[in-house]
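S.K.:
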Amino acid sequence: MKIQPSEIVERRFDRIDRTFVGYLYESWKVCEIINSEQPNFSSKFVVNIGAGDGVECNDPCYPLYKIGYGGLAIEGEKNELLHKNLSSENITTLTNTFINPFNAGALLQQHKTPVNFDMLKIDIDGYDGPVLDAILSAGYRPKLIQAEINHEIPPPIEFSVMYHSIYKVHDSDGMFSPFYGMSLSFLAKIARKFGYHIAYLDNITPLTHDAILIRNDLSEIVGSNLDMTNQSIEKMYYDHPPTGSHFLSYGINPFEWRDEKDKTKLANSVWIACFASSVKKFNGAYPFYFSIAE
């Protein structure tokens, strides 16, 4: 059965700006891949980490669930709409469930996730990198991965928030911190470690900053459907640089980083920016690290 994401989006978002709907079409690249290569996606199992209400924005898992895929949808907030929107016998929905690097593998095992399931989406606005690393370290090998990146930190900086129980992505006043997730280069490092490559970057809107990873053994089959295959991550990033920045709210201008050729100076600038924003949030209380890619 073919996926028709455009029909779903039109029904769901018919009252919002047409331009935004156009962005959603572009963002649902996963549907295009699976449509064209269905014989290679046979588990019909999808894991959605950071599921929200199961439908919102450009969630790539929703159209798969709607045509009968089973799987696991996990949301850290108490969102009852998730249960309602994904009410199916073959979908397990978990709300108010905080996934972290120490429980991720066990959680997937508990809910009978196949080792080679079809798709993993991760978007938790926090320690996405360590959670993804933990899932792959536990032996799971999804065919496709869609992961959110921190679009503000350019290549070659490898940046990731480390897990800590006090980490929060928002201030008490609701201000979104620029200090979240992982950079594109950090994701590329994970991809290399576990036999994946980044095949597509959706960085064209202020609302979506995701990368699609494909398992290397499927790259020749699937790669022809992606217009960024064989591009370097630097080209992916700088051809579609981010248009907005959360750092601006903290008096920091990250757009200057794009023109910095000296890797050491770039690293120092990112370090200072991350430290400054963390001090303003929690007096520097939550941990992080980053490094320069070789």
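Counting in the numbering used here, the sequence shown runs from 63 upward without gaps. All C-beta atoms, glycine included, are put in the ideal place defined by N, C-alpha and C.
1. Could you check whether residue 243 and residue 187 sit closer than 8 angstroms to each other, using their CB atoms as the reference points?
2. By a C-beta neighbour count over all protein chains shown, 10 Å radius and 16 as the cutoff for buried, is residue 104 buried or exposed?
3. Leaving out five residues on either side along the sequence, give the residues of the same chain with a beta carbon under 6 angstroms from the beta carbon of residue 185.
4. What is the DSSP secondary structure of residue 222, reduced to helix, strand or coil?
5. Take the Cβ of residue 174 as the centre, count every other Cβ of all protein chains shown within 10 Å, and call the residue buried at 16 or more, exposed below.
6. Could you tell me if residue 142 is buried or exposed, where buried requires 16 or more neighbouring beta carbons within 10 angstroms of its beta carbon?
7. Which full runs of the beta strand (DSSP E) of 3+ residues lie inside the region 117–145, going along the chain?
8. Three Cβ pairs or more, each shorter than 8 angstroms: is that satisfied between the region 198–217 and the region 271–278?
9. Given a cut-off of 8 angstroms on the beta-carbon distance, is the pair residue 132 and residue 107 in contact?
10. Using 8 angstroms for Cβ pairs, my map puts residue 220 next to residue 308. What's the rounded Cβ distance?
11. Tell me the rounded alpha-carbon separation between residue 255 and residue 149.
12. Measure the CB-CB distance between residue 296 and residue 217 and report whether it falls below 8 angstroms.
13. Take the Cβ of residue 326 as the centre, count every other Cβ of all protein chains shown within 10 Å, and call the residue buried at 16 or more, exposed below.
14. Between residue 252 and residue 194, which are expected to be in contact by the criterion C-beta below 8 angstroms, what is the C-beta distance as a whole number of angstroms?
15. Considering Cα atoms alone, identify which of 109, 301 and 145 is closest to residue 176.
M.R.: To lay it out plainly:
1. With contacts defined by Cβ atoms closer than 8 angstroms, residue 187 and residue 243 form a contacting pair.
2. Note on residue 104: under 16 other CB atoms within 10 angstroms of its CB, so exposed under the neighbour-count rule.
3. For residue 185, where only same-chain residues beyond five positions count, the Cβ hits under 6 angstroms are 112 and 210.
4. Of the three classes helix, strand and coil, the one that applies to residue 222 here is strand, per DSSP.
5. By the neighbour-count rule (16 or more Cβ atoms within 10 Å), residue 174 is not buried but exposed.
6. Within 10 angstroms of the beta-carbon of residue 142 lie fewer than 16 other beta-carbons, which makes it exposed.
7. Listed in chain order, the beta strand (DSSP E) elements of length 3 or more contained wholly in the region 117–145 are 132–136.
8. They touch, by the three-pair rule.
9. Annotated as proximal: residue 132 and residue 107, with beta-carbon spacing under 8 angstroms.
10. With a Cβ gap of about 19 angstroms, residue 220 and residue 308 do not count as contacting.
11. Taking the straight line from one Cα to the other gives about 36 angstroms.
12. Note that the C-beta distance between residue 296 and residue 217 is below 8 angstroms.
13. Exposed is the call here.
14. Between residue 252 and residue 194 the beta-carbon gap is near 6 angstroms, inside 8 angstroms, which marks them as a contact.
15. Comparing C-alpha distances from residue 176 to each of 109, 301 and 145 shows the shortest one belongs to 109.
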